[in-house]
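In UniProt numbering, the protein residues as written are 1 to 168. Quick reminder that beta carbons are idealized off the backbone N, C-alpha and C, glycines included. Computed from a prediction, not measured in an experiment: that's the story for all the values here. As structure tokens, the structure follows; a few thoughts come after it.
Shown next, in the form of structure tokens:
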């Protein structure tokens, strides 16, 4: 069966935009402290400084050990995944649902952790928490939509039309 054009796959178009924005965000903000200083363009340092000044995000001013672990997950898993996923979504690769399901679960869990922790910061002003939620909230919502969508796509693939699951 030939691939379905991207514009006929509305949710895949949304996922492509989400993953592309995530790739840019990882490379230009999240991973900047991990780059060798001599190789880090001033523009990236300035962008990260702007983010920190604007949002006062504690994960970037005083990262906890678990948040640094999440950053390394971005390096080890998210970066290679997004580099694979962007062209895979474009070509309607049959492995996309499986990979997006795993990605969605991981992003939902890590983002929900960040949101729960941020909301517990007692000495952090409400307006700043709200600003951070406008960034973290869409990540959580989109990853949850993606996870549910991929679950149902995989269920259709794994369950024959007679409703009985395949057994190996």
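- Taking a contact to require three or more Cβ pairs closer than 8 Å, the stretch 119-134 and the stretch 54-66 qualify as touching.
- In this structure, DSSP gives residue 61 a helical state, which the three-state scheme calls helix.
- At least 8 Å separates the beta-carbon of residue 81 from that of residue 101.
- With respect to residue 108, residue 147 sits close: the two C-beta atoms are nearer than 8 Å.
- In the structure shown, the three-state DSSP call for residue 48 is helix.
- Following the DSSP letters along the chain, one finds residue 31 in no alpha helix (DSSP H), marked with neither H nor E.
- In the structure shown, the three-state DSSP call for residue 111 is helix.
- Nearest Cα to residue 70 within the set 26, 49, 93: 26.
- With fewer than 16 other CB atoms across the displayed protein chains lying within 10 angstroms of its CB, residue 76 is exposed.
- By the neighbour-count criterion, in which a residue is buried when 16 or more other Cβ atoms sit within 10 angstroms of its Cβ, residue 74 is buried.
- By the neighbour-count criterion, in which a residue is buried when 16 or more other Cβ atoms sit within 10 angstroms of its Cβ, residue 161 is exposed.
- Taking 8 Å as the cut-off, the Cβ atoms of residue 20 and residue 86 count as close.
- Counted as a single uninterrupted DSSP element, the alpha helix (DSSP H) harbouring residue 149 occupies residues 126-158.
- Just measuring C-alpha positions, the residue of 144, 30, 2, 134 sitting nearest residue 79 is 30.
- When secondary structure is reduced to three states using DSSP, residue 121 falls in the coil class, being assigned neither helix nor strand.
- Residue range 79-90 is occupied by the alpha helix (DSSP H) that includes residue 87.
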